[in-house]
Amino acid sequence: MMGSENADGFEETNLNAAKEEMENLVLNGDGAGDSSNSAYRSAMSTLSSVHDPLSPLPTVLTPADSDPLTAPSYIEPPSYADVIFSPFDENSDSEINGGESPDSLSRSPSSSSSTSDYIKITVSNPQKEQETSNSIVGGNTYITYQITTRTNLPDFGASESSVRRRFRDVVTLADRLAESYRGFCIPPRPDKSVVEGQVMQKQEFVEQRRVALEKYLRRLSAHPVIRKSDELKVFLQVQGKLPLPMSTDVASRMLDGAVKLPKQLFGEGGGASAVAVHEVVQPARGGRDLLRLFKELRQTVSNDWVGVKPAVVEEDKEFLEKKEKMLDLEQQIINASQQAESLVKAQQDMGETMGELGLAFIKLTKFENEEVVFNSQRTRATDMKNLATAAVKASRFYRELNSQTVKHLDTLHEYLGMMMAVQGAFADRSSALLTVQTLLSDLSSLQARAEKLEAASSKVFGGDKSRIRKIEELKETIKATEDAKNVAIREYERIKENNRSEVERLDGERRADFMNMMKGFVVNQVGYAEKISNVWAKAAEETSQYDRENQRS
Amino acid sequence: MEISTEQARNVMQSPRSPSSQPYLSASVTDPVKLGNGVQAYISYRVITKTNLPEYQGPEKIVIRRYSDFVWLRDRLFEKFKGVFVPPLPEKSAVEKFRFSAEFIEMRRAALDIFVNRIASHPELQHSEDLRTFLQADEETMERFRFQETGIFNKKPADFMQMFRDVQSKVSDAVLGKEKPVEETTPEYEKLKHYIFELENHLAEAQKHAYRLVKRHRELGQSLLDFGKAVKLLGACEGEPTGKLFSDLGTKSELVSIKLQKEAQQVLMNFEEPLKDYVRYVQSIKATITERATAFKQHCELAETTKLKEINLDKLMLTRSDKVGEAEIEYREIKAESEEATIRFERIVKRMNEEIVRFQEQRMEEMGVAFHQFAKGQARLANGIADAWRALLPKLEAASSA
Numbered sequence: 001m002m003g004s005e006n007a008d009g010f011e012e013t014n015l016n017a018a019k020e021e022m023e024n025l026v027l028n029g030d031g032a033g034d035s036s037n038s039a040y041r042s043a044m045s046t047l048s049s050v051h052d053p054l055s056p057l058p059t060v061l062t063p064a065d066s067d068p069l070t071a072p073s074y075i076e077p078p079s080y081a082d083v084i085f086s087p088f089d090e091n092s093d094s095e096i097n098g099g100e101s102p103d104s105l106s107r108s109p110s111s112s113s114s115t116s117d118y119i120k121i122t123v124s125n126p127q128k129e130q131e132t133s134n135s136i137v138g139g140n141t142y143i144t145y146q147i148t149t150r151t152n153l154p155d156f157g158a159s160e161s162s163v164r165r166r167f168r169d170v171v172t173l174a175d176r177l178a179e180s181y182r183g184f185c186i187p188p189r190p191d192k193s194v195v196e197g198q199v200m201q202k203q204e205f206v207e208q209r210r211v212a213l214e215k216y217l218r219r220l221s222a223h224p225v226i227r228k229s230d231e232l233k234v235f236l237q238v239q240g241k242l243p244l245p246m247s248t249d250v251a252s253r254m255l256d257g258a259v260k261l262p263k264q265l266f267g268e269g270g271g272a273s274a275v276a277v278h279e280v281v282q283p284a285r286g287g288r289d290l291l292r293l294f295k296e297l298r299q300t301v302s303n304d305w306v307g308v309k310p311a312v313v314e315e316d317k318e319f320l321e322k323k324e325k326m327l328d329l330e331q332q333i334i335n336a337s338q339q340a341e342s343l344v345k346a347q348q349d350m351g352e353t354m355g356e357l358g359l360a361f362i363k364l365t366k367f368e369n370e371e372v373v374f375n376s377q378r379t380r381a382t383d384m385k386n387l388a389t390a391a392v393k394a395s396r397f398y399r400e401l402n403s404q405t406v407k408h409l410d411t412l413h414e415y416l417g418m419m420m421a422v423q424g425a426f427a428d429r430s431s432a433l434l435t436v437q438t439l440l441s442d443l444s445s446l447q448a449r450a451e452k453l454e455a456a457s458s459k460v461f462g463g464d465k466s467r468i469r470k471i472e473e474l475k476e477t478i479k480a481t482e483d484a485k486n487v488a489i490r491e492y493e494r495i496k497e498n499n500r501s502e503v504e505r506l507d508g509e510r511r512a513d514f515m516n517m518m519k520g521f522v523v524n525q526v527g528y529a530e531k532i533s534n535v536w537a538k539a540a541e542e543t544s545q546y547d548r549e550n551q552r553s
Numbered sequence: 001m002e003i004s005t006e007q008a009r010n011v012m013q014s015p016r017s018p019s020s021q022p023y024l025s026a027s028v029t030d031p032v033k034l035g036n037g038v039q040a041y042i043s044y045r046v047i048t049k050t051n052l053p054e055y056q057g058p059e060k061i062v063i064r065r066y067s068d069f070v071w072l073r074d075r076l077f078e079k080f081k082g083v084f085v086p087p088l089p090e091k092s093a094v095e096k097f098r099f100s101a102e103f104i105e106m107r108r109a110a111l112d113i114f115v116n117r118i119a120s121h122p123e124l125q126h127s128e129d130l131r132t133f134l135q136a137d138e139e140t141m142e143r144f145r146f147q148e149t150g151i152f153n154k155k156p157a158d159f160m161q162m163f164r165d166v167q168s169k170v171s172d173a174v175l176g177k178e179k180p181v182e183e184t185t186p187e188y189e190k191l192k193h194y195i196f197e198l199e200n201h202l203a204e205a206q207k208h209a210y211r212l213v214k215r216h217r218e219l220g221q222s223l224l225d226f227g228k229a230v231k232l233l234g235a236c237e238g239e240p241t242g243k244l245f246s247d248l249g250t251k252s253e254l255v256s257i258k259l260q261k262e263a264q265q266v267l268m269n270f271e272e273p274l275k276d277y278v279r280y281v282q283s284i285k286a287t288i289t290e291r292a293t294a295f296k297q298h299c300e301l302a303e304t305t306k307l308k309e310i311n312l313d314k315l316m317l318t319r320s321d322k323v324g325e326a327e328i329e330y331r332e333i334k335a336e337s338e339e340a341t342i343r344f345e346r347i348v349k350r351m352n353e354e355i356v357r358f359q360e361q362r363m364e365e366m367g368v369a370f371h372q373f374a375k376g377q378a379r380l381a382n383g384i385a386d387a388w389r390a391l392l393p394k395l396e397a398a399s400s401a
């Protein structure tokens with residue numbers, strides 16, 4: 001074969017031969033173990049690389065080259081190389097929320113109120129279903145997911161339940177929670193994706209969505225207040241169609257909130273909703289009377305976390321400072337999360353190239369052994385093989401390191417979501433303040449009108465029937481507005497308190513989570529650096545006859 | 001038959017051996033940029049130390065530039081056919097890279113190796129052109145350099161074409177397509193095949209080695225950026241998280257520096273030797289072409305001689321008056337043919353010796369490169385482990401608090 005022209009063809013045919021060679025190499029340890037990662041933006045798509053000649057390989061130990069890494073005597077006890085890292089597996093998550101499960105935010109035990117409480121939600125088994133319809137063509141198809149809950153919380157009726165829900169139901173849940181838990185840092189739900197119908201059905205998209213839903217529900221259930229909410233319970237347990245109202249118009253929603261307020265105020269401590277489940281499920285009643293009073297509120301209902309339009313006059317300096325700090329923190333988390341992504345990619349590339357180098361040397365080894373004419377060739381072939389073996393092992397360690405790194409640094413990504421939740425909580429507060437201010441200004445303009453009318457009417461001798469009637473109506477309205485104002489003030493104060501306690505809770509959790517993240521990241525780096533170092537130390541030893549540093553010329 | 005390269009080098013290059021032992025060593029140092037704009041170039045100092053009588057003294061320093069080295073190589077290639085003349089580093093294709101510190105250093109190191117290989121080669125070291133190169137003053141050198149024309153200016157593309165011709169003719173011969181004008185001995189076939197395949201394999205390994213250098217740099221950069229981002233994040237958090245983030249960021253920056261350093265080491269001590277190996281193989285391919293040419297000449301002249309002989313006999317039989325002329329022609333051709341045969345056989349002999357030296361040298365040099373690479377990687381990984389490990393006590397303390 002004289003082919004120097006068909007280099008590519010040559011590479012192809014020999015790749016397979018080289019693969020066999022690789023499988024006969026001494027390889028230590030587990031398989032790559034990174035296959036079941038949850039998505040971490042674009043970095044993830046390169047992690048589970050499709051065309052990867054190096055994984056998964058069966059491990060074959062040949063007696064002649066038994067690997068010192070498996071012999072216990074080689075590694076000194078306090079090394080981290082031993083400690084790790086049967087690769088993190090999705091299914092081996094600990095059941096307890098306070099444990100090391102990598103994709104619910106892991107906490108130090110002290111922050112969860114009771115270590116024996118648990119709730120575990122799994123989302124699985126996506127299936128296509130069809131809307132019932134009278135038309136010949138049939139209804140739209142959509143995907144439903146099976147949602148299984150295991151818990152020992154007393155509020156939940158059953159210890160295990162399973163329901164089928166579609167994405168629209170999740171949106172409904174999120175909307176209802178947003179209404180009921182104003183001021184709370186509610187984890188944001190997965191995005192609605194604007195994609196074509198075809199793509200909606202594609203397996204990758206469905207899988208991404210399944211993962212996102214699971215994460216979302218788990219975060220909800222990790223929230224100490226929301227996990228006890230009726231909305232969530234209904235979502236997780238009620239069979240059949242989800243009995244939550246899909247939408248309410250603005251005013252009704254606000255009214256609904258106002259109706260619920262007294263109950264909330266006098267209900268359970270911590271601001272949890274004490275509304276009976278069946279009331280949650282009722283559609284909002286009418287109430288057009290107050291509609292016009294609340295007309296300004298429309299502008300605050302958008303989900304834009306950037307903030308309320310300038311109508312609100314926020315005077316609380318502490319709040320403003322806190323908000324600034326949160327914005328700054330969010331910016332830094334975004335930045336760190338981006339750099340983390342680059343880091344992950346660079347580690348990935350390093351591993352890949354190292355592996356390719358090893359493969360190239362294996363091919364060389366084979367080649368030299370095929371065409372042996374000189375003894376020096378055999379020696380060189382052996383040297384190359386040692387190098388290749390080391391490179392291939394190191395490459396695997398880089399990949400393992402990387403899949404662990406992803407899991408740890410994913411915390412940064414998670415907290416981006418939580419920062420959005422914080423902004424949402426702040427927005428609730430601002431909108432509540434706007435309500436109060438609007439009512440106050442309406443009140444004062446109503447009162448001014450009443451005064452004017454009274455002044456005018458007193459000038460008419462004997463009373464002005466129509467005016468008097470108007471004045472009385474006005475006074476009714478003023479009373480109602482007065483009541484609404486008081487309710488709104490109490491609501492505002494309640495939300496402020498929710499804000500405060502939530503932010504405090506989150507700050508604590510965030511610090512704990514970041515601490516764990518750092519620790520996990522560093523322990524990882526140490527452990528794998530040690531493993532990689534061992535691999536190369538062995539190769540250096542095997543080629544020690546070429547050590548020139550100690551030679552005298 | 002096998003002279004170990006170690007022995008040869010020790011004999012010729014150690015200045016500390018007793019003065020009765022002949023030695024010759026040279027070093028290429030001190031790159032300096034001269035000239036302006038398009039005509040700017042790098043000049044090097046070449047320092048020769050020797051006790052050989054043919055040389056002008058124990059030490060001589062001259063200034064040389066890249067094209068002087070090219071001249072030397074071309075002369076040796078022409079005069080010592082069959083010898084694997086050590087390869088030169090390439091001319092730089094990319095303009096802006098030409099004067100970067102890294103490129104200059106890589107080139108200097110490669111030129112240094114080039115000269116020393118020549119000085120330690122049993123035949124090449126006696127070359128007159130080498131003496132000129134090592135001793136002539138700059139003007140003389142320039143004059144020599146400008147005199148060269150012809151084959152010495154052949155571009156690599158031309159050589160490639162010659163290789164292909166050689167290849168295709170050989171395969172034709174194997175298929176019995178035409179009368180073979182090429183050697184077809186099985187050992188030589190094996191050698192040629194080995195050399196051609198070896199180049200492919202080595203080139204691939206070198207490509208990945210170069211990429212690996214880049215990966216080191218990229219990883220270093222990303223750790224640097226990550227460290228900075230983490231520090232900024234720490235500034236937002238209160239204590240103790242803030243301080244820990246700050247420490248983490250600092251460590252990340254430290255590790256980044258280690259990676260950058262190692263990248264440079266991998267480049268100089270691993271990737272460059274691989275590239276050098278590839279160049280050497282390419283040089284051997286050029287020698288293979290020379291041999292093919294010589295073989296062809298030897299065959300053709302032998303052919304022609306035979307024809308002339310037949311013709312002469314014929315003329316003698318017919319007692320033609322052209323016999324005298326024919327006889328002279330015949331003798332001339334015969335002499336040429338014999339020379340061509342001698343040339344060819346010398347090439348064969350040299351190549352046989354060279355291939356042994358080559359294999360041993362490569363074994364040695366590659367072994368050193370591998371060892372250094374492995375050591376470097378082990379040191380790097382250790383350093384990284386140590387750096388991160390230093391953070392653990394504080395992290396442990398903080399998370400259990």
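As given, the protein sequences belong to chains A and B, one line each in that order. All residue numbers for the first sequence refer to full-length UniProt numbering, where the first residue is 1 and numbers rise by one. All residue numbers for the second sequence refer to full-length UniProt numbering, where the first residue is 1 and numbers rise by one. Quick reminder that beta carbons are idealized off the backbone N, C-alpha and C, glycines included.
Environment of residue i [buried if 16+ CB atoms lie within 10 Å]
i, result
"A/E129", "exposed"
"B/E354", "buried"
"B/H126", "exposed"
"B/L391", "buried"
"B/V255", "buried"
"B/Y41", "exposed"
"A/K538", "buried"
"A/V522", "buried"
"B/D313", "exposed"
Three-state secondary structure assigned by DSSP to residue i
i, result
"A/E160", "strand"
"B/K243", "helix"
"B/T65", "One point to set straight first is that residue 65 of chain B is Arg, not Thr, in the sequence displayed. It is a strand residue."
"A/V523", "helix"
"B/P31", "strand"
"B/R319", "coil"
"B/S337", "helix"
"B/T184", "coil"
Other residues of its chain near residue i: CB distance less than 7 Å, five sequence neighbours each side excluded
i, result
"B/R107", "P89"
"A/N303", "Low per-residue confidence applies at A/N303: pLDDT is 36, beneath 50, and the placement is therefore not dependable, though the value from the model is reported in the following sentence. So no residue of the chain qualifies."
"B/L202", "L274, Y277, V278, V281"
"B/L212", "V266"
Below 8 Å between beta carbons is the criterion; list the residues of the stretch 361-394 of chain A that meet it against any residue of chain B, in chain order.
-> F361, K363, L364, F367, E371, V373, F374, S376, Q377, T379, R380, D383, M384, N386, L387, A390, A394
Checklist entry - Of all the residues that make up the stretch 228-245 of chain B, which are near chain A by a beta-carbon distance shorter than 9 Å? => result K228, A229, V230, L232, L233, G234, A235, C236, E237, G238, P240, T241, L244, F245
Quiz prompt | Whole alpha helix (DSSP H) elements within the UniProt domain "PX" (123-242) of chain A, 4-residue minimum | solution = 167-180, 197-201, 203-222, 230-237
Checklist entry - Just by C-beta distance, which residues in the stretch 496-523 of chain A are closer than 9 Å to chain B? => result D507, R510, R511, A512, F514, M515, N516, M518, K519, F521, V522, V523
> Got a sec: which bits of the stretch 181-214 of chain B sit with their beta carbon under 9 Å from any beta carbon on chain A, in order along the chain?
Replying inline: E187, K190, L191, K192, H193, Y194, F196, E197, L198, E199, N200, H201, L202, A203, E204, A205, Q206, K207, H208, A209, R211, L212, K214: these are the residues of the stretch 181-214 of chain B whose beta carbon lies less than 9 Å from some beta carbon of chain A, given in chain order.
Interfacial residues, the stretch 321-332 of chain A to chain B, with Cβ spacing under 8 Å: K325, D328, L329, Q332
Query raised in the report: Where are the alpha helix (DSSP H) runs, 4 residues long or more, that stay fully inside the UniProt domain "PX" (22-141) of chain B, in chain order?
Result: Counting whole runs of 4 or more residues, the UniProt domain "PX" (22-141) of chain B contains the alpha helix (DSSP H) stretches 66-79, 101-119, 128-135.
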